[in-house]
Each structure stands twice: as structure tokens, then as C-alpha cells.
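Following: one structure in C-alpha cells, then a few remarks.
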Amino acid sequence: MKIPVHTASHSYEVIIGNRILKDAFSSLKKHIEEADRIIVFTDENVWQAQHAYFQEQFPEPFEVFVMPAGETCKSFDNYFAAQTFLLEKKSTRKTLLIALGGGAVGDLTGFAAATYMRGIPYIQVPTTILAHDSAVGGKTAINHPQGKNMVGAFYQPQAVVYDTEFLSSLSEKEMRSGMAEVIKHALISNEKWLMELLDLSSITKLSDHQLASHLKSGIEVKAKIVTEDETEQSVRKYLNFGHTYGHAIEAAAGYGGLAHGEAVMIGMVYALLLSERYSQINREFTKSFLQFAIEKGYPFEGVFNYSFDQLKDYMLKDKKAEYGVLNFVLLSKIGEPFVRSIELSECKEIDLELRELLQEVGK
Ligand SMILES: NC(=O)c1ccc[n+]([C@@H]2O[C@H](COP(=O)([O-])OP(=O)(O)OC[C@H]3O[C@@H](n4cnc5c(N)ncnc54)[C@H](O)[C@@H]3O)[C@@H](O)[C@H]2O)c1
Ligand SMILES: [Zn+2]
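With full-length UniProt numbering as the guide, the letters of the sequence shown map in order to residues 1 to 363.
Here it is in C-alpha cells:
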């Protein structure tokens, strides 16, 4: 199955399906033939779990650069090591990079590709559920000790090859994390689809068919938004639903403490509470959404480890913050996002409401 992505700078396809790696790469022959060498960037967990399948399905000769797993691969040190590897392998402007991994590998590889000799081609091969989001749309970045994703570029891949076979070795925590972004895509686009997700008895044990269908819907939402707005001047901001407070919790927990999607789930409940003040979203919905998230194992107890003052400092570093005013994505109703600036004092009130609500539902 193919989903087209048309951005202002470049058009490409997301090819999605189970055990499709080989066929997908034969349909991308042109890119392979144009490349003078192929270098696969991956991380140690992915390579350990999936190298046999990848090698069996990917017949071309390639070199592999195996990086530390998770956010560590988005450090300046690893970025430097990646560039060194490319230079040592005598990579040129015609070298093709393949990002085999989750969002972390994808972000690092995309940024390495954007900057090596001012830009070389790359293909995303996502291996996590979350990466249905991160692999599409061309946002690439590494982390600075002072903030996540602070150094990066908009740089689109040549293609995205999403073989759901890779998801078989994912841990439950990572499944849950990724499903939060799927749920985010539903919240900002489609009430009927959201209700289907909220009705699932498990979000970590979906059939191949169910999973593929929800991932396809998620990619379509993302593709439509980045087609309209590649560089986040307008509607692309909606994809940040749940991310302002979520990123703050994620940063406070120390990268790796909470999975990205776990933190985003907390941030989405926060954004729903805030939405209640300006829209048709009501407490009944927020509460039932929170109950769903708790039941599915999202770890909300993390909130109590940090004070609002600690989280505030992280929120103010958000790329969407301007002069101490935070720009939040809210929902006027399910499927209809909008952006509103919110004073810090109000953020504090909502933080308190969140803590009270968590206590009320027994967290
Ligand atoms: N560029 C974007 O638009 C965008 C959007 C959302 C998130 N992100 C970024 O994505 C990152 C999070 O992505 P993620 O959740 O995929 O995390 P990740 O890449 O860190 O992967 C999570 C963990 O799962 C392991 N893993 C990955 N695939 C596996 C597999 N198939 N089998 C076994 N283990 C596997 C990894 O080694 C890692 O330990 C963050 O850095 C976030 O900033 C980027
Ligand atoms: Zn995210």
C-alpha cells in the first residue's frame, strides 16, 4: 500500500505493509542505482533484533553504522561519530543513507543526511509504531543538553518503507508509546476513528490487520498536514497536540525515563483539560480519556515527581514559546484543533487541575 506525501520541497511515497521490504526496495530501484554506496544507520537494539531479517530482505551491498540505542544516538557526540563514519567510508554526495530504526535513529540519520556535504539522500525504514509519525514529514534533529531537538533541519527523505514485520520485536512499553501518537492523530482529525481506538480492549496486542489499518490512518493524517504546511507555519502546529506539557515531563524525567509517547499521553490529558475552558470538550470526556489511558498502562504517576516550577522551565524552552507566553494546541471539539496562547499563570492552574484529577481517579 502506498501513501503519497507531497511537500513544497519534495514528493515521495510511504510504502506500508507486512514483509514488504524487498518488494518496496525493488520499486525504489532508481534511488539504489543512483547511489555510489549505501550506508545503513541503525541502533544496537534494532540491529540485534532485526539484522537477520533486514539482511535477508535487502540484497544490495551496504555498510552499517550501529549507534547507541534511544535518545543517546541524538547526541552531538554520536552525530560527530556518524559524520566521521561517513568520511571514513569515503561517502560522497551520491551516497544513500538508510535509517533503520525508531524515531531517534530516524531523526539523527535525517540530520546527518541533511548536513553531510550539505545534503545527501536518505530513506526512512521505521521500526517502531511511533515512527509512523516521525519518519514522515522531514523533521530531523539532534538534542542539545539544554533542550531536545534544538538543532535540526527540515529535510525530506526519498521514501519511507514501513515494513510492519519489524514491529514484532518491540517491547510493550514501546508499543504503548507509539500508540499515543496514533491516538493523537485521531484526536486532531476524526472522532469516529478515535472512538474505535478508545474501544480497543488492548492497544499492545492488535492483529496485523488492525495495526496496519490504524497506522495507515495515522500516516494519512500526517501526510495531509505536511502537504499543506511543510515547515510549521500553520496547520503543522496541530501535530504538537499534547507535546508542550509532554516534552516538559519527558525532559524532567530525563530522556529515556519516560518513553516519548508516554509523556505525550500525559500532555494530551493536560491539553484536554485546558481545552475544556475554550471549547466543547467537557470534563466527562477528559475523564473517560484519562481512564482509558490509565487502564492501558500509561504511567501518570510520573507527574507527581515534579513541581510545576520545574516543568515550567522546560515549557518555556519549547520552540513554540514566545516571550513567556506559551502557544498550545487545543481542541474546539474532537477532530478540530486550534492554537491559542496561554499565560503561565493559567498553565499553573491546569497543572493543579491535572494533579487533582489524577488523585480523584486514584493515581
Ligand atoms: N521527526 C519527527 O517528526 C518526530 C516526531 C515524533 C517523535 N520524534 C522523535 O522520535 C524519537 C522517539 O522515537 P521512538 O519512540 O521510535 O524511539 P526510539 O527510536 O528511541 O526507539 C525506542 C526504543 O526501541 C528500540 N527499538 C526500535 N525498534 C525496535 C524493534 N523493531 N525491535 C526492538 N527494539 C526496537 C530502540 O532501540 C529504542 O531503545 C524521539 O527522539 C522524538 O523526538 C520525531
Ligand atoms: Zn511526538
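Ideal Cβ placement from N, Cα and C applies to all residues, glycine included.
C-beta atoms of residue i and residue j nearer than 8 Å
i, j, result
"A153", "A104", "no"
"E250", "H260", "yes"
"Y122", "I98", "yes"
"V269", "V136", "no"
"I15", "A159", "yes"
"V161", "L21", "yes"
"F41", "F58", "no"
"I281", "I3", "no"
"V303", "L258", "no"
"A82", "L108", "yes"
"Q55", "S169", "no"
"N18", "E172", "no"
"E60", "I38", "yes"
"S279", "L330", "yes"
"H243", "K148", "no"
"Y245", "G267", "yes"
"G110", "Y155", "yes"
"A180", "E295", "no"
"L187", "I334", "yes"
"K216", "M1", "yes"
"E230", "S11", "no"
"E228", "V221", "no"
"G324", "L311", "no"
"E63", "K90", "no"
Neighbour-count burial assignment, residue i, 16 or more Cβ in a 10 Å radius
i, result
"M195", "exposed"
"F241", "buried"
"G254", "exposed"
"D351", "buried"
"G362", "exposed"
"A271", "buried"
"P299", "buried"
"L273", "buried"
"N78", "buried"
"P157", "buried"
"M265", "buried"
"R283", "exposed"
"L167", "buried"
"D208", "exposed"
"Q124", "buried"
"D318", "buried"
"D313", "exposed"
"F328", "buried"
"L87", "exposed"
Bridge-paired residues (DSSP) for residue i
i, result
"G152", "A141"
"R340", "F328"
"V161", "I15"
"A253", "Paired residues: none, contrary to the question."
"Q124", "A99 and V160"
"M67", "D43"
"V5", "Y12"
"G147", "H144"
"I38", "L96"
"K333", "E336"
Chain B within 8 Å of residue i, Cβ atoms only
i, result
"R37", "Of the protein chains in this structure there is only one, and it is not chain B."
Whole-number beta carbon distance between residue j and residue i, since they are thought to touch under 8 Å
i, j, result
"T7", "G138", "7 Å"
"T92", "D36", "6 Å"
"E204", "R176", "One detail in the question is off: residue 204 reads as Thr in this sequence, not Glu. About 6 Å separates the two Cβ atoms, so the contact holds."
"S341", "L326", "7 Å"
"N143", "S75", "6 Å"
"Y306", "A223", "With 8 Å as the limit, Y306 and A223 do not qualify as a contact, their Cβ atoms being about 35 Å apart."
"N45", "A69", "4 Å"
"K348", "F308", "5 Å"
"E174", "K94", "Actually they are not in contact, since the Cβ atoms of E174 and K94 sit about 34 Å apart, beyond 8 Å."
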